[in-house]
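**Student:**
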Amino acid sequence: MTSETPTIRRVLVAKPRGYCAGVDRAVQAVEKALEQYGAPIYVRKQIVHNTHVVRTLEQRGAIFVEETEEVPEGAIVVFSAHGVSPAVHQEAARRRLRTIDATCPLVTKVHNEARRFASQDYDILLIGHEGHEEVEGTAGEAPEHIQLVDGLDSVDTVKVRDPERLVWLSQTTLSVDETTETVSRLKARFPNLIDPPSDDICYATQNRQVAVKEIAAQAQLVIVVGSENSSNSKRLVEVALDHGADASYLVDNASFVKDEWLDGVTTVGVTSGASVPDELVAGVLAKLAEHGFDTVEEVESVEESVRFALPHELRKDLRATV
43 MTSETPTIRR VLVAKPRGYC AGVDRAVQAV EKALEQYGAP IYVRKQIVHN THVVRTLEQR
103 GAIFVEETEE VPEGAIVVFS AHGVSPAVHQ EAARRRLRTI DATCPLVTKV HNEARRFASQ
163 DYDILLIGHE GHEEVEGTAG EAPEHIQLVD GLDSVDTVKV RDPERLVWLS QTTLSVDETT
223 ETVSRLKARF PNLIDPPSDD ICYATQNRQV AVKEIAAQAQ LVIVVGSENS SNSKRLVEVA
283 LDHGADASYL VDNASFVKDE WLDGVTTVGV TSGASVPDEL VAGVLAKLAE HGFDTVEEVE
343 SVEESVRFAL PHELRKDLRA TV
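Written out as structure tokens, the structure is:
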């Protein structure tokens, strides 16, 4: 009588995953502001799109508001990593608010491109998702020149003044593959469409998508840790399904993982969006271990070393107290 070989249940953990340099900078900006100036510190919109991060900062004294007009006159307000339009800066100045701009430098780059091309009287096709804060901030830089292209279906409805003076820009957190396809379709309509001077999709978004492709090819199930309003996290689910995973789900934390997802599964891939602290991934790994997935292998596709300095308004005051 022979005993059956026990089934090996393994987890492939993508690397890089979780916090990118822009998110780390934005979260630190709120934390340092609370330490430097004391609570409350107001934050316009969610500093990053993650419910756990927002709740943690709220517990420390951050107050999140939707609009600048909700901030008491003269108070300190932090602008989120997604960026804001010039109109928001003007409203903050009118209300005499002390602002700390935690806009990701890569988003600022896109804002600068929008202003430059608008000043040269180009029509700008902004590839992105309607209603996303980053898109609203970028579009606000040159509203009379910018037209949103939200997905392949909207390409056919684009109208431009002069197809010879036309450039595309993009939201930084999109799917690389989908954006490439959208640009190809736009160029089929507008052959002289100009590319941005450098890739708008951020390094972290691209790296996390490359990493999830690698684990999806080997996993039956891919669990993406991230919040529902996180664009880059939702794209990771799509990329996983497009590159070999039989199933992929977005979860805010371990409590969202359903036991039935694991039925018949021997290999699970795990990754997380760019605004997710690694403690949430650790929680998912612990839950998987309870179900026998105790062989964990980290799969590194690319090494990240990017770091961004804190916002200059904050650095100035931090230096003054040293």
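Position in the sequence shown counted from 1, then plus 42, gives you this note's numbering. All C-beta atoms, glycine included, are put in the ideal place defined by N, C-alpha and C. Just so we're clear, the structure is a prediction, and the values are computed from it rather than from any experiment.
Are the CB atoms of V119 and I89 within a distance shorter than 9 Å?
**Tutor:** Position 47 of the sequence shown holds residue 89. Position 77 of the sequence shown holds residue 119. For I89 and V119, no; Cβs fall outside 9 Å.
**Student:** Excluding the 5 residues preceding and the 5 following V279 in the sequence, name in chain order all residues of the same chain whose CB lies nearer than 6 Å to its CB.
**Tutor:** Stepping through the sequence shown from its first residue, residue 279 is reached at position 237. The residues are V266, S290 and L292.
**Student:** Relative to the alpha-carbon of D336, which residue among T363, K276 and T308 has its alpha-carbon at the smallest distance?
**Tutor:** Stepping through the sequence shown from its first residue, residue 336 is reached at position 294. Taking only the C-alpha atoms, the option nearest D336 is T308.
**Student:** Below 8 Å on the Cβ atoms is my contact criterion, and I expect E183 with S226 to pass it. Report the Cβ-Cβ distance as a whole number of Å.
**Tutor:** As a position in the sequence shown, residue 183 is number 141, starting the count at 1. As a position in the sequence shown, residue 226 is number 184, starting the count at 1. E183 to S226, Cβ: 26 Å. No contact.
**Student:** Closest to H285 by CA distance: which of Q251, T247 and S317 is it?
**Tutor:** To locate residue 285, count along the sequence shown from 1; it is residue 243. When only C-alpha atoms are compared, the closest one is Q251.
**Student:** First and last residue of the alpha helix (DSSP H) that includes T221?
**Tutor:** For the purposes of this step, residue 221 is identified with residue 179 of the sequence shown, where counting begins at 1. Residues V218 to R231.
**Student:** Relative to the C-alpha of R231, which candidate in V281, S212 and L167 has its C-alpha closest?
**Tutor:** Taking the first residue of the sequence shown as position 1, residue 231 is located at position 189. When only C-alpha atoms are compared, the closest one is L167.
**Student:** With three or more C-beta pairs closer than 8 Å as the rule, is the stretch 346-355 touching the stretch 93-100?
**Tutor:** No, the stretch 93-100 does not touch the stretch 346-355.
**Student:** Using a threshold of 9 Å, state whether the C-beta atoms of P319 and N154 are closer than that.
**Tutor:** Locating residue 319 in the sequence shown gives position 277, counting from the first residue. Locating residue 154 in the sequence shown gives position 112, counting from the first residue. Going by C-beta atoms, P319 is not nearer than 9 Å to N154.
**Student:** For a quick check, are the C-beta atoms of V310 and A261 less than 9 Å apart?
**Tutor:** Position 268 of the sequence shown, counted from the first residue, corresponds to residue 310. Position 219 of the sequence shown, counted from the first residue, corresponds to residue 261. It is a contact, given that the beta carbons lie within the stated cut-off.
**Student:** Would you mind working out which of S273, L283, D204 and V326 sits nearest S297, comparing C-alpha positions?
**Tutor:** As a position in the sequence shown, residue 297 is number 255, starting the count at 1. That would be V326, whose Cα lies nearest to the Cα of S297.
**Student:** Whose CA, out of Q70, D241 and E115, lies closest to the CA of V95?
**Tutor:** As a first step, residue 95 is located in the sequence shown; it is residue number 53 there, counting from the start. Measuring from the Cα of V95, the nearest candidate turns out to be Q70.
**Student:** To the nearest whole angstrom, what separates the beta carbons of V365 and T215, a pair I think is in contact under 8 Å?
**Tutor:** Residue 365 is absent from the structure shown; the chain starts at 43 and stops at 364.
**Student:** Less than 9 Å between the C-beta atoms of T110 and V130, yes or no?
**Tutor:** In the sequence shown, the residue the question calls residue 110 occupies position 68. In the sequence shown, the residue the question calls residue 130 occupies position 88. Yes, the Cβ-Cβ distance between T110 and V130 is below 9 Å.
**Student:** Keeping to the same chain, check which residues put their C-beta closer than 6 Å to that of A282; ignore five residues upstream and five downstream.
**Tutor:** In the sequence shown, the residue the question calls residue 282 occupies position 240. The answer, listed in chain order, is V254, A258, V264 and S290.
**Student:** Check the C-beta distance from V53 over to L304 and give it rounded, since I have them as a contact under 8 Å.
**Tutor:** Here residue 53 refers to the residue found at position 11 when the sequence shown is read from its first residue. Here residue 304 refers to the residue found at position 262 when the sequence shown is read from its first residue. Not really, about 11 Å apart at Cβ, beyond 8 Å.
**Student:** Report the start-end ranges of each alpha helix (DSSP H) in the stretch 91-134 that is 4 residues or longer and not cut off at the edges.
**Tutor:** Correct list: 93-102.
**Student:** Should R361 go down as buried or exposed, given a rule of 16 or more other Cβ atoms within 10 Å for buried?
**Tutor:** By 1-based counting over the sequence shown, the position of residue 361 is 319. By the neighbour-count rule (16 or more Cβ atoms within 10 Å), R361 is not buried but exposed.
**Student:** Could you tell me which whole alpha helix (DSSP H) segments of length 4 or greater appear in the stretch 231-260?
**Tutor:** Runs of the alpha helix (DSSP H) inside the stretch 231-260: 245-258.
**Student:** DSSP three-state call for E339: helix, strand or coil?
**Tutor:** What you label residue 339 is simply residue 297 of the sequence shown in a count that begins at 1. It is a strand residue.
**Student:** Leaving out the 5 sequence neighbours to the left and right, which residues in its chain are closer than 7 Å to P205 when beta-carbon positions are compared?
**Tutor:** Here residue 205 refers to the residue found at position 163 when the sequence shown is read from its first residue. So the qualifying residues of the chain are F232 and N234.
**Student:** Classify T363 as buried or exposed, calling it buried when 16 or more other Cβ atoms lie within 10 Å of its own Cβ.
**Tutor:** Position 321 of the sequence shown holds residue 363. So T363 ends up on the exposed side.
**Student:** Rounded to a whole number of angstroms, what is the C-alpha to C-alpha distance between T44 and Q248?
**Tutor:** For the purposes of this step, residue 44 is taken as residue 2 along the sequence shown, with counting starting at 1. For the purposes of this step, residue 248 is taken as residue 206 along the sequence shown, with counting starting at 1. Caution applies to T44, whose pLDDT of 46 falls short of 50 and renders its modelled position unreliable; the value that the coordinates give is listed next. Whole-angstrom Cα-Cα distance: 48 Å.
**Student:** Can you give the beta carbon distance from H174 to S273, rounded, assuming they're within the 8 Å contact cut?
**Tutor:** Counting from one through the sequence shown, the residue named residue 174 turns up at place 132. Counting from one through the sequence shown, the residue named residue 273 turns up at place 231. That belief holds up - the Cβ atoms of H174 and S273 are roughly 6 Å apart, short of 8 Å.
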